[in-house]
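Protein chains in written order, with the working numbering: chain A, 700 to 1346; chain B, 700 to 1346.
Built from N, CA and C at the ideal position, the CB exists for glycine as well.
Note that the coordinates shown come from a computational prediction; the quantities given were computed from them, not determined experimentally.
Here is the structure we will look at.
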């Protein structure tokens, strides 16, 4: 029953990988060992249905189930998590199984331009403009001759010292610049342009160009590492102008959708390095290369980068053991990461680039939140404000210029489309908004992408809409179960009902785009986690939700979030709609500010030092709040009526 | 005649390498492309005889010559530089062909202990002890608990700040230490020992150990990179105690014996990186690993290293283009190299180790000489002193506490046994001293190594003795030609005579150990270069050689140099013997001082800034001096008689 077999994995865009497996090991576990980026947001529990593979040759022990139809089964499709080899096999990973991890999306960033323009204005107002610590300087040196055979380095430094005058800090030359120096000097008759970095007590020449070359670009990077996906903005440091924006799935997802499973994996032999590779080599570094190509600059022209991420992701980015994050008393290895050099990161930047990480304040409130508090401006508001960051973990910050309290809840990856059979990230093909006709039950979909784009799945905002609409139309009940029948409602052989938002012929995947009761259940738990966290935090301050004057919604949920639907399903408190503001990826915006401005980076650190943290799991009453919130909209329906608590 | 063939090279201790060759390419050139470390100190001119290979299968076009006997030819031996493929071939590189490049020698350093002990005393007297900028510090932290969930990093830093008191510089944590922190803290109940490096304006924690572990070793490295060979000393930074000493051939020798050929090779596509790899990956890094094994420490426990090398070697170590060193006006890319981090060097040291390079003063007087001026003490003598560094380039420094003048001459690798058919480095098996009986012409050899060691070749000091003795006994004349016959003198079929110092049965190589007229010719040119340089430098100061009060002889020539013989052959001026002092590898000693002491490193920089340089090649009269010195002892014999200029 458990012999040793040879498994060959084949996946588009990846080299073939071969592993030896026992009959006890699932094909998913084998794929993990082979470092094949097969999606598995449910960590192999058979619930998400994303680890579909196709058997090309050989035999696997598995059965058809709700994620694999009989017809598909006959074609060789299997769920990798539920299959075990019974012979040598060749296994194909279809593009759909690589969607979360490998697919890099680059955009012009038009949709986000407004966000970054506003942020640039804000930074200007705060005096955080032009303080990246970098400058360029052009200079012409005396030519060497037998009477003046001074070496290139000393020739350059003495000319620069003269030019900069007395009192300027001492100058050093990076190895990168030293290597370029002889050729650069002689290419334009000893006229060069230097990229200078101001430092503590000394300045460094990071790069050199012959003066007749085009003006050097000074690139900056903002990197948001989410548990499910990664977003990166490449921008021009002196002007703050975005050059390219992109996202990719976090390759770590094959080791589990949530941070707990990642931490467990990291404690296995070689696990820490495996997880670091999965996010850096498979995801961040290729994304940076793609952005640089789009932006027309070389990665070695990137001199500043800031990383904003939750505490676990920040640890894994640096390959620092995160084990103690989940062991009492839940202590991170660091709150504030040291500034790193490009060469220490494996990102391919200029070797002396300065790479900072946004500071965290605890095991479950990380740099993504402190960066978000900065970019949302919550830290300087008079109004009592709530920041909601909808990621795989949901994090909340409540407060204003006087105080800031934070907490975290485990929402799971549903808002980013993970753990939802028809879910996907908010990229081309994602349904980002949706209406349903109460009579006909026919849907109207708004899809991200160019005209004619077919739907591929639902991103978070689309899911909120669809579930809100199904509930509004009386198609599903408060428990998320289907209570109307019709051509769009289908029940499978196990009795699970689903709503077909698009039929196979209309979709990108050529499979029905269906929202199942299982998906709705996952989503209800996610929205319940958010709402109960908000309530518990306010209760801990002896407040009710109606004191909240402004709500800032952040996260990769999709830009068109319909707050009315979100309130309808009981995800957000019942406040006047005008109090809600969608601010996009505030973690990325915060990283953008930090990478471009030393002042902004310092401000984020100050914010982090002043924030308090509420541990929900040990807070009495949180579990009851959560259970009560796992209905549509809530067991206490009065909360969502006009005149209820939030009215 | 010039088809394309497949050549497979096989060499002990190396992986097989295959290259495609044309019939025009020599086997030596093919071996270079394949990065097979085949010796070729004469750059493929057919003169040194060191690139012997053995053809296992296939056909090569070549002829027997003076380096390959007919019998050897029949066995498949060929000179790689003089052979071209005529079919697919399998070629074996015998150990003798790898001698210069691959063979690593590790010693207890007993012979050198005296040198380093004296240097330690000297450094103590100069106040250059204990200023490596490193210290260890042990501390116990409060344990984390739910009331005090501070992160590990902040917990450590706040405890250290308290411990160090006000006014101490701010502290940073290296990434290496951050990665070790969580486990180190929990292994000994939050008691740790830190390795601290003092820096400009801030201190850094480089490493961390649980307090119950043995006291951490702080390792330092002195690295002397010669054109022909590399010597490295591993020592304990706090005490200066040597831990292990070793040497290896410089892998670059396959690209030519002298710096000019290396510079030419570096300008070919990929050449700079190839040369850097040849010295770092093939030679320095493996040597460091061997020293660490011997010394019982990990390479990541090395926190300081200093490199002393000639200007070309320093450029190639850093992969900085050396092309302009040999183009008018002979300008290096740098005099003073920036301090590097371990991670920038490829040496496998602690990633934040400080690696310094000794400063050079020109294209042909490099850091090996400025380091040597420091360790010889010439810079602070009252007496007019001459430092002679006998390497592939011969460098001279003349002066005292008031002035220092330097010059360089191209001696070739003869003093290190290169370009001499029976030559080898001063390691086990080398004949380091030798006498010849005037009557019987029988030799008496002193061999480096354990009792019973058979001779393998002659190192520099042995060559001086043998040639001096052959001349003294009237066996060779002033032109280095044999003028006596006997059982030890043999003439080959081309008429070239040689002296058999040991017969095949008595040698390590099982071949006759023979000094040929060609070898003597090479050696005479080397010694002539040295003597004429000394004379020219003094003439330029309007002085004669007899003003020299002290002579310090440095280099890898072998410890037992017989000055009487060196004067007899006209290599050194005819001064009283007691003025001569052999000081070993002064470049290595200087690097040792620099790595262990910031004060010493600063002093070497000051020395370099105060030295002047005499360009011999443009000095009128140097060529005449050189030609006159290419005799035994000199065309002007009076220089070497009592009462001569040097008497």
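Please give the ranges of any alpha helix (DSSP H) in the region 840-880 of chain B, keeping only runs that are unbroken, at least 4 residues long and fully inside the region.
List check, alpha helix (DSSP H) in window: 851-863.
Checking 9 angstroms against the spacing of the C-beta atoms, do residue 739/B and residue 956/B come in under that value?
Yes.
Given a cut-off of 9 angstroms, decide if residue 1154/B and residue 1132/B are closer than it, judged by their beta-carbon atoms.
At least 9 angstroms separates the beta-carbon of residue 1132/B from that of residue 1154/B.
Say whether chain A places a C-beta atom closer than 9 angstroms to the C-beta of residue 877/B.
Yes - at least one Cβ of chain A is within 9 angstroms of the one on residue 877/B.
Hey, residue 1238/B and residue 1336/B: beta-carbon distance below 9 angstroms or not?
Taking 9 angstroms as the Cβ cut-off, residue 1238/B and residue 1336/B do not qualify as a contacting pair.
Going by C-alpha to C-alpha distance, which of 746/B, 1072/B, 1089/B and 1120/B sits closest to residue 1097/B?
The candidate whose alpha carbon is nearest that of residue 1097/B is 1072/B.
With DSSP as the reference, please indicate the residues paired to residue 893/B in a beta bridge.
Residue pairing of residue 893/B in beta bridges, as defined by DSSP: 836/B and 907/B.
Give the single residue among 1300/A, 967/A and 1252/A whose Cα lies nearest to the Cα of residue 1285/A.
Of 1300/A, 967/A and 1252/A, the smallest CA-CA separation from residue 1285/A is found for 1252/A.
Under 8 angstroms from the C-beta of residue 1020/B: neighbouring residues of chain A:
For residue 1020/B, the chain A residues whose Cβ falls inside 8 angstroms of its Cβ are 878, 881 and 882, in order along the chain.
Name, in chain order, the residues that DSSP records as bridge partners for residue 1097/B.
Looking at the DSSP assignment, residue 1097/B forms a beta bridge with 1085/B and 1104/B.
On a CA-only basis, which of 1036/B, 947/B, 1227/B and 984/B is nearest residue 1301/B? Give me that one, please.
Out of 1036/B, 947/B, 1227/B and 984/B, 1036/B has the C-alpha closest to the C-alpha of residue 1301/B.
Assign residue 1252/A to one of three DSSP states: helix, strand, or coil.
Strand.
Under a CB-based cut-off of 9 angstroms, is residue 1344/A close to chain B?
Only weak support exists for where residue 1344/A lies, its pLDDT of 40 falling under 50; the value from the coordinates is given anyway. No, residue 1344/A lies away from the interface with chain B (no Cβ there is under 9 angstroms from its Cβ).
Pick out whichever of 1220/A, 1053/A, 1293/A and 950/A has its Cα sitting closest to the Cα of residue 1332/A.
Of 1220/A, 1053/A, 1293/A and 950/A, the residue nearest in Cα terms is 1220/A.
Which one of 855/B, 1025/B, 1135/B and 744/B has the shortest CA to CA distance from residue 840/B?
Ranked by how close their Cα comes to the Cα of residue 840/B, the residues 855/B, 1025/B, 1135/B and 744/B have 855/B in first place.
Please name the residue, chosen from 891/B, 929/B and 844/B, that lies closest to residue 804/B on a Cα-to-Cα basis.
Put simply, of 891/B, 929/B and 844/B the residue whose alpha carbon is nearest the alpha carbon of residue 804/B is 929/B.
Does DSSP classify residue 982/A as helix, strand or coil?
DSSP places residue 982/A in helix when its eight states are reduced to three.
Exposure label - residue 1226/B; buried when at least 16 CB within 10 Å:
Answer is buried; the Cβ neighbour count reaches 16.
Per-residue contacts from residue 972/B into chain A (C-beta, under 9 angstroms)
Listed by position along chain A, the residues whose Cβ is nearer than 9 angstroms to that of residue 972/B form an empty set, because the closest Cβ is around 11 angstroms away.
Nearest-angstrom Cα distance between residue 775/A and residue 1057/A?
Residue 775/A and residue 1057/A have their C-alpha atoms some 46 angstroms from each other.
When the distance is taken between beta carbons, is residue 1117/B closer than 9 angstroms to residue 1091/B?
Yes, Cβ-Cβ distance for residue 1091/B and residue 1117/B is below 9 angstroms.
Which residue comes first and which comes last in the alpha helix (DSSP H) that contains residue 773/A?
Here the alpha helix (DSSP H) through residue 773/A covers 769-773.
State yes or no: is the C-beta of residue 806/B nearer than 8 angstroms to some heavy atom of the ligand NAP?
Annotation note on the ligand NAP: not contained in the displayed structure, which lists no ligands.
Among the residues of its own chain, which have a CB less than 8 angstroms from the CB of residue 1188/A, if the five just before and after it don't count?
Around residue 1188/A, the same chain offers 1140, 1174, 1181, 1196, 1197, 1198 and 1199 as residues with beta carbons nearer than 8 angstroms, after the five sequence neighbours per side are excluded.
Going by beta-carbon coordinates alone, are residue 1296/A and residue 1070/A separated by less than 9 angstroms?
No, these two residues do not count as a Cβ contact at 9 angstroms.
List the endpoints of the continuous beta strand (DSSP E) containing residue 731/A.
In the DSSP assignment, residue 731/A falls outside any beta strand (DSSP E) and lies within the alpha helix (DSSP H) extending over 726-732.
Starting from the N-terminal side, write out each stretch of the alpha helix (DSSP H) that is 4 residues or longer and does not extend beyond the region 1115-1181 of chain B.
List check, alpha helix (DSSP H) in window: 1159-1171.
With 16 other Cβ atoms within 10 Å as the buried cut-off, status of residue 1305/A:
Burial call: exposed.
Residue 1061/A versus chain B: which residues are under 9 angstroms apart at the beta carbon?
Residue 1061/A reaches chain B at 848 and 850, counting residues in chain order whose Cβ is nearer than 9 angstroms.
In chain order, what residues of the same chain lie with their CB nearer than 6 angstroms to the CB of residue 1201/A, ignoring the 5 residues before and after it?
Once the five neighbours on either side are set aside, the close Cβ partners of residue 1201/A are 1154 and 1212.
7 angstroms Cβ shell around residue 786/B - same chain, five flanking residues per side excluded
The answer, listed in chain order, is 704, 757 and 758.
Going along chain A, which residues have a C-beta under 8 angstroms from residue 816/B?
Those do not exist, as residue 816/B stays about 35 angstroms from chain A at its closest Cβ, beyond 8 angstroms.
Can you tell me which of the three DSSP states residue 1019/A falls into?
Judged by DSSP in its simplified three-state form, residue 1019/A adopts coil rather than helix or strand.
Determine the DSSP secondary structure at residue 722/B, reduced to helix, strand or coil.
Reduced to three states, the DSSP call for residue 722/B is coil.
Using beta-carbon positions only, say whether residue 894/A and residue 933/A come within less than 9 angstroms of one another.
Cβ atoms of residue 894/A and residue 933/A: not closer than 9 angstroms.
Spatial distance of residue 990/B from residue 945/B (CA atoms):
Between the C-alpha atoms of residue 990/B and residue 945/B there is a straight-line separation of about 7 angstroms.
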